[in-house]
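Peer 1: Numbering (this note's numbering), first residue to last: 1312 to 1404.
Positions of the beta carbon are idealized from the N, C-alpha and C atoms, including for glycine.
What you are looking at is a predicted structure, and each value in this text was computed from that prediction instead of being measured.
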């Protein structure tokens, strides 16, 4: 990785962060925030919602438990329709 990412910004404190971004800096920590500033500064940054991340994890789990014909059992286990299970399975292939 480029040494620019590891070079500390001297003297920067939370008070130097614009107020509308301070919650992010406090949540992830000043060092991580400054790294994001170096990597993504000036860009629009999209962070998926928790539900989207959980859905991806659930779908990965469904595909891992698929045995070739257990659509109905997976639908019951994950409280989805068989059609949704089929879509999740077949989008992976």
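On the premise that residue 1355 lies in contact with residue 1399, defined as a C-beta separation below 8 Å, what is that separation, rounded to the nearest angstrom?
Peer 2: What you label residue 1399 is simply residue 88 of the chain shown in a count that begins at 1. What you label residue 1355 is simply residue 44 of the chain shown in a count that begins at 1. Going by Cβ atoms, the distance from residue 1399 to residue 1355 rounds to 29 Å, so no, they are not a contact pair.
Peer 1: Alpha carbon to alpha carbon, how far is residue 1343 from residue 1351?
Peer 2: Position 32 of the chain shown, counting from 1, holds the residue named residue 1343. Position 40 of the chain shown, counting from 1, holds the residue named residue 1351. So the two alpha carbons sit approximately 12 Å from each other.
Peer 1: Excluding the five sequence neighbours on either side, which residues of its own chain have a C-beta within less than 7 Å of the C-beta of residue 1336, listed in chain order?
Peer 2: Counting from one through the chain shown, the residue named residue 1336 turns up at place 25. Only 1325, 1328 and 1344 meet the Cβ criterion.
Peer 1: Would DSSP call residue 1355 helix, strand or coil?
Peer 2: Taking the first residue of the chain shown as 1, we reach residue 1355 at position 44. If DSSP states are grouped into helix, strand and coil, residue 1355 belongs with coil.
Peer 1: Find the nearest neighbour of residue 1357 within the set 1347, 1366 and 1365, judged by alpha-carbon distance.
Peer 2: The residue labelled residue 1357 in the question sits at position 46 within the chain shown. Here the closest residue by C-alpha is 1347.
Peer 1: Helix, strand or coil for residue 1392, going by three-state DSSP, please let me know.
Peer 2: Start at 1 with the first residue of the chain shown, and residue 1392 comes out as number 81. Residue 1392 falls in the coil class under three-state DSSP.
Peer 1: Which same chain residues, not among the five before or five after residue 1395, have their C-beta less than 8 Å away from its C-beta?
Peer 2: Working through the chain shown from its first residue, we reach residue 1395 at position 84. These residues qualify, in order along the chain: 1386.
Peer 1: Using 8 Å as the threshold, is the C-beta distance between residue 1382 and residue 1372 below it?
Peer 2: The residue given as residue 1382 occupies position 71 in the chain shown. The residue given as residue 1372 occupies position 61 in the chain shown. Going by C-beta atoms, residue 1382 is not nearer than 8 Å to residue 1372.
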